[in-house]
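Just so it is clear: in the sequence shown, position 22 is 60 by the working numbering, and no numbers are missing.
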Amino acid sequence: MSGALHFSAAEQTALRDSEEALIRACMREQGHEYRIGPARDARRAAAINPYTLLSTQWSKSDGYGLTGEVLEGPPNDPNEDMLAALPDAEREEWQQALLGRQDDHVEVSLPSGRRISYSPHSCAQTARDDVYGEGWSELRYVVEDLSNDAIRRTLESPGFHEAEADWASCMADLGYSYTTLEDPRKEILGQLAEAEGDHDQVLAVGDRELALARDDLSCQLERHTHQRIADVQAKAERPVRAEAKEELGRFQQAKRVALSRVLQSEDS
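This is the structure:
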């Protein structure tokens, strides 16, 4: 089910660019300037896996993506300086045009019982509707909720723990003392926190991250961790898929239409 939510780096970039252009046009219609910043490299986001499984290609140059993210820094908001120069009332109007007024929000109840809200008349939302089709946001929230349920079932299953223990055994043979697939990532995060503010030290952590990810990937491949967890997930999400067949079908159709639209416009 997490596969339904996955978009390649190229797809993410095309969808983002289309949304941003539509937001800018909507904001202009309401008398506001909206600046579009350069797109970030989407390959890191596309490589993220809910079980911390590594991408065979991307991990060789980016590891777990942690040091790279620190070095890249937070995304720059191209509208920040412009908004700072506006009077408070105009800034509030700009933000309401982009995200909507609180009293315009609609609430959605998700399968887990969680409730979310969004403004259907905001420029951000109307742009999203133009790209994906009306009703996409509610549908995506529902599918994300269902995907989280499938991931939870997978993580709790005996088959997952067996695959994880086998991987840990392989890592122990290489001199590492880990029990979960998340442990290497947590270790690098801790080292980055200690190195904060020291550029050279961050680079040194980056070297350790690449070496660790290389060994991690080697064990994942040797012990067939990817395939074993994929098999466990397929079994764990079966009842979720059965209960949400209609929602998943509509989501997949909307995804196909959106990708066809934005990728076709790129080629024209």
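All C-beta atoms, glycine included, are put in the ideal place defined by N, C-alpha and C.
ask   = Any idea which residues DSSP pairs residue 226 with across the strands?
value = By one-based count along the sequence shown, residue 226 stands at place 188. Beta-bridge pairing links residue 226 to no other residue.
key: Stretch pair the region 161 to 176 + the region 197 to 205: three plus CB contacts closer than 8 Å   = Counting Cβ pairs under 8 Å, fewer than three are found: no touch.
ask   = DSSP on residue 179, reduced to helix/strand/coil?
value = In the sequence shown, residue 179 corresponds to position 141, counting from 1. In the displayed model, residue 179 falls within a helix according to three-state DSSP.
ask   = Which first and last residues belong to the alpha helix (DSSP H) in which residue 118 is found?
value = For the purposes of this step, residue 118 is taken as residue 80 along the sequence shown, with counting starting at 1. 118 to 122 is the extent of the alpha helix (DSSP H) around residue 118.
query = Hey, is the region 270 to 284 in contact with the region 150 to 164, meaning 3+ C-beta pairs nearer than 8 Å?
reply = A contact between stretches requires three or more CB pairs, one per stretch, nearer than 8 Å, and the region 270 to 284 fails this requirement with the region 150 to 164.
task = Enumerate in chain order the residues of its own chain whose CB-to-CB distance from residue 68 is below 8 Å, with the five nearest sequence positions on each side excluded.
result = Translated into positions along the sequence shown, residue 68 becomes position 30. Sequence-distant partners of residue 68 (beyond 5 residues in either direction) whose C-beta falls short of 8 Å from its own C-beta, in its chain, are 135, 161.
ask   = Hey, residue 192 and residue 270: beta-carbon distance below 7 Å or not?
value = To locate residue 192, count along the sequence shown from 1; it is residue 154. To locate residue 270, count along the sequence shown from 1; it is residue 232. Contact flag set, yes.
task = Give the DSSP bridge partners of residue 72, in chain order.
result = What you label residue 72 is simply residue 34 of the sequence shown in a count that begins at 1. Beta-bridge pairing by DSSP links residue 72 to no other residue.
ask   = Is residue 194 helix, strand or coil when you go by DSSP?
value = For the purposes of this step, residue 194 is identified with residue 156 of the sequence shown, where counting begins at 1. Of the three classes helix, strand and coil, the one that applies to residue 194 here is helix, per DSSP.
Residue interval of the alpha helix (DSSP H) (run including residue 311) = No information on residue 311 is available, as it lies outside the stretch 39 to 306 that the chain covers here.
query = What residues match up with residue 155 in a beta bridge as DSSP calls it?
reply = Reading the sequence shown from its first residue, position 117 is the one you call residue 155. Residue pairing by DSSP places residue 155 opposite 145 in a beta bridge.
Residue interval of the alpha helix (DSSP H) (run including residue 256) = Position 218 of the sequence shown, counting from 1, holds the residue named residue 256. Per DSSP, the continuous alpha helix (DSSP H) segment holding residue 256 begins and ends at 237 to 260.
key: Classification of residue 163 by the beta-carbon crowding that lies within 10 angstroms, buried from 16 upward   = Here residue 163 refers to the residue found at position 125 when the sequence shown is read from its first residue. By the C-beta density criterion, residue 163 is buried, having at least 16 other C-beta atoms within 10 angstroms.
ask   = Any contact of the region 111 to 121 with the region 61 to 79, i.e. 3+ C-beta pairs under 8 Å?
value = Output reads yes: the region 61 to 79 touches the region 111 to 121.
query = What's the gap between the Cα of residue 238 and the Cα of residue 220?
reply = Start at 1 with the first residue of the sequence shown, and residue 238 comes out as number 200. Start at 1 with the first residue of the sequence shown, and residue 220 comes out as number 182. Whole-angstrom Cα-Cα distance: 25 Å.
ask   = Tell me which same chain residues have a C-beta within less than 7 Å of the C-beta of residue 264, skipping the five on either side of it?
value = As a position in the sequence shown, residue 264 is number 226, starting the count at 1. Within the same chain, residue 264 has close Cβ partners 91, 258.
ask   = Which residues in the same chain as residue 129 place their Cβ atom closer than 6 Å to its Cβ, once the five residues preceding and following it in sequence are excluded?
value = Here residue 129 refers to the residue found at position 91 of the sequence shown. Short of 6 Å from the beta carbon of residue 129, and not among the five residues preceding or following it, lie these beta carbons of its own chain, in chain order: 121.
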